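Colleague: This structure is in structure tokens; I'll ask about it shortly.
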Ligand code: BV8
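Numbering (the working numbering), first residue to last: 3 to 239.
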């Protein structure tokens, strides 16, 4: 049984019109927001309105975008591998739902999801497509001003780390797509794979911070490079 572990980052959604964290300053959404300052519990405690505005702008933008061929290719890879009794384990750092909308059935959102809100009182996680405000009411416990975006901020523990680590340790191939390799613990997965003797491949627009840790590197826009790579995997498997 062949097991492929794929980690995606902001770069896979760039061609769908979503900003990346370290892209060119001033491109689109990121011109007016500094994610490194706003994606923190401290920022939310100090100025919840500003953090809500940051995520509301991204949520509204997300609802106007669609998956690109890279997302579609990974959904096809999942289906085709399953048909042969092989397995794709897809982990994304992204909080968008483009993998799901492209047809991926199993997606681990280690940094949470933009279209969900979490109640800081009752911990309920609810689907949320509208603007979140300090006046928003929890649909479960009806507490006012207790809802936050269901995303992992800097300094917070990413979700499903045990499951991710277990899946990585039994994989035959680790592929990082569209990630700068600058945020931990996700950026540490390639070193964990290498230590376990697992082959590693990076697909990116250009070399990431930890490019030298990858056995193979493929460069180009994800919407072109990912479908080509998927085709090769399916022809060779
Ligand atoms: C934690 C959700 C600990 C919110 C995000 C050492 C060890 C451990 C931790 C740390 C450490 N040093 C520092 C830390 C703390 C910190 C960290 O790593 N800081 C960095 C800045 C150094 N890490 C954390 O805080 C993490 N938590 O460590 O908890 C802990 C332990 C015990 C108990 C409690 C806590 C939490 C990190 C998660 C933060 N949340 N997102 C939101 O989205 O607003 S991170 C956010 O930034 C993204 O989710 C993503 O993970 C990251 C950005 O990374 P990328 O996805 O790679 O995006 P980027 O823009 O950087 O790169 C885009 C890439 O795409 C580029 O390479 C580009 O070339 C490429 N690209 C562009 N266009 C295309 C393309 N590729 C292909 N095609 C294209 N068209």
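We put the beta carbon where it would ideally sit given N, CA and C, even for glycine.
For clarity, every value in this text was computed on a predicted model and none was experimentally measured.
1. Which one or two residues does DSSP pair with residue 8 in a beta bridge?
2. Would you mind sorting residue 266 into buried or exposed? The rule is 16 or more other CB atoms within 10 Å of its CB.
3. So for residue 219, helix, strand or coil by DSSP?
4. In chain order, what residues of the same chain have a beta carbon less than 8 angstroms from the beta carbon of residue 193, not counting five sequence neighbours either side?
5. Assuming residue 129 and residue 118 make a contact with CB atoms under 8 angstroms, what is their CB distance in whole Å?
6. Within the continuous alpha helix (DSSP H) that includes residue 139, where are the two ends?
7. So, helix, strand or coil for residue 54, using DSSP?
8. At which residues does the alpha helix (DSSP H) containing residue 24 begin and terminate?
9. Going by DSSP, what residue range makes up the beta strand (DSSP E) through residue 166?
10. Determine the DSSP secondary structure at residue 63, reduced to helix, strand or coil.
11. Is it the case that the CB of residue 231 approaches a heavy atom of ligand 1 more closely than 7 angstroms?
12. Answer yes if the segment 142-156 comes into contact with the segment 35-44, meaning at least three C-beta pairs across the two stretches below 8 angstroms, and no otherwise.
13. In this structure, how does DSSP classify residue 114 when only helix, strand and coil are distinguished?
14. With 16 other CB atoms within 10 Å as the buried threshold, where does residue 97 fall?
15. Under 7 angstroms from any heavy atom of ligand 1, does the C-beta of residue 154 make it?
16. Buried or exposed for residue 131, please, with buried defined as at least 16 other CB atoms from any protein chain shown within 10 angstroms of its CB.
17. Is any non-hydrogen atom of ligand 1 found closer than 7 angstroms to the C-beta of residue 19, if you look at the structure I gave you?
18. With a threshold of 7 angstroms, establish whether the CB of residue 164 neighbours any heavy atom of ligand 2.
19. Excluding the five sequence neighbours on either side, which residues of its own chain have a C-beta within less than 6 angstroms of the C-beta of residue 175, listed in chain order?
20. Taking the alpha helix (DSSP H) that residue 204 belongs to, which residues open and close that run?
21. Taking a contact to mean a Cβ-Cβ separation below 8 angstroms, would you say residue 8 touches residue 90 in this structure?
22. So residue 149 is in the beta strand (DSSP E); what residue range does that whole segment cover?
23. Taking Cβ to Cβ, would you say residue 101 is nearer than 8 angstroms to residue 161?
24. On the DSSP letters alone, give me the boundaries of the beta strand (DSSP E) that residue 127 sits inside.
Modeller: For this structure:
1. DSSP output for residue 8 lists 92, 177 as bridge partner(s).
2. Since the first residue of the chain shown is 3 and the last is 239, residue 266 is not available in this structure.
3. Three-state result, residue 219: strand.
4. These residues qualify, in order along the chain: 212, 215.
5. Going by Cβ atoms, the distance from residue 129 to residue 118 rounds to 6 angstroms, so yes, they are a contact pair.
6. Neither: residue 139 is in no alpha helix (DSSP H) and is coded neither H nor E.
7. Helix at residue 54.
8. Boundaries cannot be given for residue 24, as no alpha helix (DSSP H) includes it and DSSP labels it neither H nor E.
9. First-last for residue 166: 163-171, but that is the alpha helix (DSSP H), not the beta strand (DSSP E).
10. Looking at residue 63 - three-state DSSP - the assignment turns out to be helix.
11. Incorrect: residue 231 has no Cβ contact closer than 7 angstroms to ligand 1.
12. The segment 35-44, when compared against the segment 142-156, does touch it at the 8 angstroms Cβ threshold.
13. In this structure, DSSP gives residue 114 an extended state, which the three-state scheme calls strand.
14. So residue 97 ends up on the buried side.
15. Under cutoff, so the answer is yes.
16. A residue is called buried when at least 16 other Cβ atoms come within 10 angstroms of its Cβ; residue 131 does not meet this threshold and is exposed.
17. Every heavy atom of ligand 1 is 7 angstroms or more from the Cβ of residue 19, so no.
18. Among the ligands in the structure shown, ligand 2 does not appear; only ligand 1 can be found there.
19. Residues of the same chain with a CB within less than 6 angstroms of the CB of residue 175, apart from the 5 flanking positions on each side, are 6, 201 in chain order.
20. No alpha helix (DSSP H) contains residue 204, which is instead part of the beta strand (DSSP E) from 201-206.
21. The criterion of a C-beta distance shorter than 8 angstroms is satisfied by residue 8 and residue 90.
22. Note, residue 149: beta strand (DSSP E), 149-153.
23. In this structure, residue 101 sits away from residue 161, with a CB-CB distance that is not shorter than 8 angstroms.
24. Annotation: the continuous beta strand (DSSP E) that includes residue 127 extends over 127-129.
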